[in-house]
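Participant: Have a look at the structure that comes next, please.
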Amino acid sequence: MDIQLTEEQELLRSSIQRFLREQYDFGERCKIVATDEGWSRRHWKSFAELGLCAAPFQESSGGLGGGSLATMIVMREFGSNLVVEPYFETVVLAGGLIEDVASPAQREAYLPQLMAGESIWALAWAEARSRYDFSNVDTTAQRQGESYVLSGAKAAVIAAPWADKLIVSARTSGGPRDRSGISLFVVDRHSPNLHLQGFRTIDGRRAAEMTLMNVEVPASQLLGTEGDGVAALEACRDRAIAALCAEAVGAMGALNSATLEYSKTRKQFGVALGTFQVLQHRMVDMFIALEESVSLTQHLNLSLASKKPNGSKLASGAKTKVGYAARFVAEQAVQLHGGMGMSDELNVGHYFKRISSINVQFGDPAYHLMRYAQQS
Amino acid sequence: MELDLSSEDAAFRDEVRAFIAENYPAEMRVTNPETDLTKEQSLLWHRILHEKGWIAPLWPREYGGPGWSIMRRFIFEQETSRAGTLPPLPFSVTMVGPVIYTFGNDAQKKKFLPRILSGEDWWCQGYSEPGSGSDLASVRTKAVRDGDQYVVSGHKTWTTLAQHADWIFCLVRTDSSAKPQAGISFLLIDMKSPGVTVRPIITIDGSHEVNDVFLEDVRVPAENLIGEENKGWTYAKFLLGNERTSMAGIGRSTRYLARLKQIVKTEVGEDDPAFGEFIREIARVELDVLALEATELRIVAQMSRGIDPGPAASLFKIRGTEIFQRITDLTHQAIGNYGLAIREHPVSANRFMPGPDYGHTATEKYLNSRKLSIYGGSNEIQRNIIAKAVLGL
């Protein structure tokens, strides 16, 4: 089941690796995070030029046709370099939804700009009380002539403060927590009556609380079939999980290398840390955690690429297994680095925080464990 | 869990409880007292306890301690910690104070002890160095005798709250030819001395608790040497014994567990797939706390009968820190999507923080508590101590 990369995929991977090695070391990343916007438009432009923004999309949509394996390759490299630019939000979440459910006219309207790196997107599905349930939506959208009018509040929308477009879920019919009746809308971030309150996230990104007070959206910006938003979001979540698992795998790989290196050079009681058996066994467990995560991430991405049944159950399984594995690796990497692991100056803590963030996004491992169990 | 107390001890417990309820400063009840209080604010409770004569439960009466039995000391610790009071700075009262009254000379006792009790002097601990980690005997900071002074050069790190400190107690190497443990001395250094520089270290939770302390040719009067030259390791070990006794943290874990239950009740509906998982995990941690508390009470009872607890402190440190880490982890999970947010430091009411108040410190607590299994002798080191001292391996 090991994935042998095609020549094209290998080229994609090596070009990202080269770019990140030359232009996106940890020092550069810290500088980017410290800026007001918290991401670099210059690097974003380079990503687009490397073809990363177009990589997963079908050729018929103007993309490079790489599918979920291309996303996996990109996200793993981004994970090992802690890239903060909104690739996941723009390309994986919004781009994936557009490709999946948008009308041909909408695809034509949104995708070329998105693939060219000219528009940033964010997905607003969560609400203060929704936890990880897509149908638990209090925001409403009412049809008025040729428009929908949206009212409500969305929570913790990553990348929203500087996104150009937002995809917002709202209830168009049905009662609280009904599965049907949720619809998705493309909302311009500068729409009148849309208010954002930005904040910093645990992993150095920016997110916002969003309030919509009678925000008017043209009916042409309804994304997918009215009332079918939950199914679209569920498919989106499967793709999101596949991408986040790949990113986690990249971060785990970086943590394992850093920890191994440190254990060989750092001396305690006159000998290298790595000579202590208890720490050797710990690092072996970290190695095993990574191997299993790589395998499951590949398995999930292959299943999604070939549209195998049960993909969604597998996604929950991977989110759980990779989530716990990544947390174990992150915690032990901090522990084995000792006080240095607690310092904000070292990259180890930042991987830890990114993994913590990944574990929260789209449901934590405990949530997906039970979802996996219930799907049996 | 409650102790079976004599009526006198029960009356004492009630007195402590009432005193806390009446006197703990409202100003100190902030979201996260460890990081959100100014130096002056964090000393308020210290001063109140000092006035009451309760600031130094460990200390013998002749030096200003209250002369409590082991049981009363434990009751006091239990009540103050259950009530969520900010403990007085441990480096002053729990650490350097006992070293000074046990190994210091009369002049040192007279000079330093009253100022520790009153809170006038804020102490920090100059033990760790870059590269030393849990191997404290590897200390490289040098002190060279020059007439009636020592000239000290070196770099101390992870120095907690050094930014507020008036004094630092340091392990320094006075004999580099001796075996690592044999050439160390215990020196008290005025932080205002020329050549002392403090540089903040920001930790992964964004807070500023720890620092680098650079010592460049700092001239220290020889009268600030504790005990004998090159005997510092003995004093250092004595001090570490005190550091590790209070690490079970039952009161703190109990409070955070109660808070976690409230958060789960509000945040996680019974129809949430993870609801059962939370209930199970919380029950597990609660049993861990119960077992550790029972162990602590058993050992306190043994100590009251004059039995040496041996390396029980290592057991408390291991389990106490693991339990608290687990509670902060579950709390972070419980707040769901808002677990993505983290407060910006220095904390200010002007900075927007999303989600309900009870979740505002969940993320930073989770991150900050990673240090617990590292500092004060890592949990791996504590396991080595038990393996050697208890199991004889």
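Residue numbers (the working numbering), protein chains in the order written: chain A, 12 to 387; chain B, 41 to 433.
Glycine residues also receive a C-beta, built at the ideal position from the N, C-alpha and C atoms.
#1: Closest to Asp-189 of chain A by CA distance: which of A:Ala-242, A:Val-226 and A:Ser-162 is it?
#2: Within the region 341-417 of chain B, note down every full alpha helix (DSSP H) run reaching 4 residues or more, in order along the chain.
#3: Is it right to say Val-253 of chain B is buried, meaning 16 or more other beta carbons lie within 10 angstroms of its own, or is it exposed?
#4: Checking 8 Å against the spacing of the C-beta atoms, do Gly-349 of chain A and Ser-418 of chain B come in under that value?
#5: List the residues of chain A whose Cβ lies closer than 9 Å to the Cβ of Asp-175 of chain B, in chain order.
#6: Excluding the 5 residues flanking His-400 of chain B on each side, which residues of the same chain have their C-beta closer than 7 Å to its C-beta?
#7: Rounding to the nearest angstrom, what Cα-Cα distance links Thr-214 of chain B and Ile-224 of chain B in this structure?
#8: Would you mind working out which of B:Ala-96, B:Lys-149, B:Thr-134 and B:Ser-158 sits nearest Gln-165 of chain B, comparing C-alpha positions?
#9: Provide the residue span of the alpha helix (DSSP H) that contains Cys-64 of chain A, from first to last.
#10: Could you work out which residues of chain B lie near Tyr-362 of chain A, taking near to mean beta carbons separated by less than 9 Å?
#11: On a CA-only basis, which of B:Glu-249, B:Val-250, B:Ala-202 and B:Arg-239 is nearest Met-231 of chain B? Give me that one, please.
#12: Determine the DSSP secondary structure at Asn-419 of chain B, reduced to helix, strand or coil.
#13: Alpha carbon to alpha carbon, what distance is there between Gln-153 of chain A and Pro-229 of chain A?
#14: To the nearest angstrom, report how far apart Leu-255 of chain A and Leu-61 of chain A are at their CA atoms.
#15: Count Cβ pairs between the region 47-60 of chain B and the region 361-371 of chain A that sit closer than 8 Å; are there 3 or more?
#16: At a Cβ threshold of 8 Å, is Glu-18 of chain A touching chain B?
#17: Starting from Ser-194 of chain A, trace the beta strand (DSSP E) both ways and give me its first and last residue.
#18: Less than 8 Å separating the beta-carbons of Met-297 of chain A and Val-345 of chain A?
#19: Quick one: what's got a C-beta closer than 7 Å to Pro-220 of chain B's C-beta in the same chain, skipping five residues either side?
#20: Pick helix, strand or coil for Ala-218 of chain B, following the three-state DSSP scheme.
#21: Use the C-beta contact count for Gln-118 of chain B: other C-beta atoms within 10 angstroms, 16 or more gives buried, fewer gives exposed.
#22: Please identify the residue among A:His-292, A:Met-353 and A:Leu-311 whose C-alpha is closest to the C-alpha of Glu-420 of chain B.
#23: Could you name the residues of chain A that Pro-394 of chain B contacts, counting a contact when the two beta carbons are closer than 9 Å?
#24: In this structure, does DSSP put Lys-182 of chain B in helix, strand or coil?
#25: Flag this pair as yes or no: are the beta carbons of Ala-219 of chain A and Gly-235 of chain A separated by less than 8 Å?
#26: Going by Cα to Cα distance, which pick from B:Leu-380, B:Ile-375 and B:Ala-334 is closest to Arg-359 of chain B?
#27: How would you call Thr-17 of chain A, buried or exposed, if buried means at least 16 neighbouring beta carbons within 10 angstroms?
#28: With three or more C-beta pairs closer than 8 Å as the rule, is the region 93-112 of chain A touching the region 64-74 of chain A?
#29: As a quick exercise: from A:Ile-131, A:Gly-74, A:Tyr-143 and A:Glu-21, pick the residue whose alpha carbon is nearest that of Glu-2 of chain A.
#30: Among A:Leu-290, A:Val-260 and A:Ala-265, whose alpha-carbon lies nearest the alpha-carbon of Ser-274 of chain A?
#31: Under three-state DSSP, which class holds Phe-30 of chain A?
#32: What is the DSSP secondary structure of Pro-187 of chain A, counted as helix, strand or coil?
Facilitator: The answer reads as follows:
#1: A:Ala-242
#2: 352-374 and 402-408
#3: buried
#4: yes
#5: Lys-278, Gln-279, Phe-280 and Gly-281
#6: Thr-71, Arg-383 and Met-393
#7: 6 Å
#8: B:Thr-134
#9: Neither: Cys-64 of chain A is in no alpha helix (DSSP H) and is coded neither H nor E.
#10: Neighbours of Tyr-362 of chain A on chain B: none; closest Cβ ~10 Å, over 9 Å.
#11: B:Ala-202
#12: helix
#13: 11 Å
#14: 21 Å
#15: no
#16: no
#17: 193-199
#18: no
#19: Ala-177 and Ser-178
#20: coil
#21: buried
#22: A:His-292
#23: Ala-139, Ala-166, Ala-167, Gln-208, Phe-210, Ala-218, Ala-219 and Glu-220
#24: strand
#25: no
#26: B:Ala-334
#27: exposed
#28: yes
#29: Outside the displayed span of chain A (12 to 387) sits residue 2 of chain A, for which this structure offers no information.
#30: A:Leu-290
#31: helix
#32: coil
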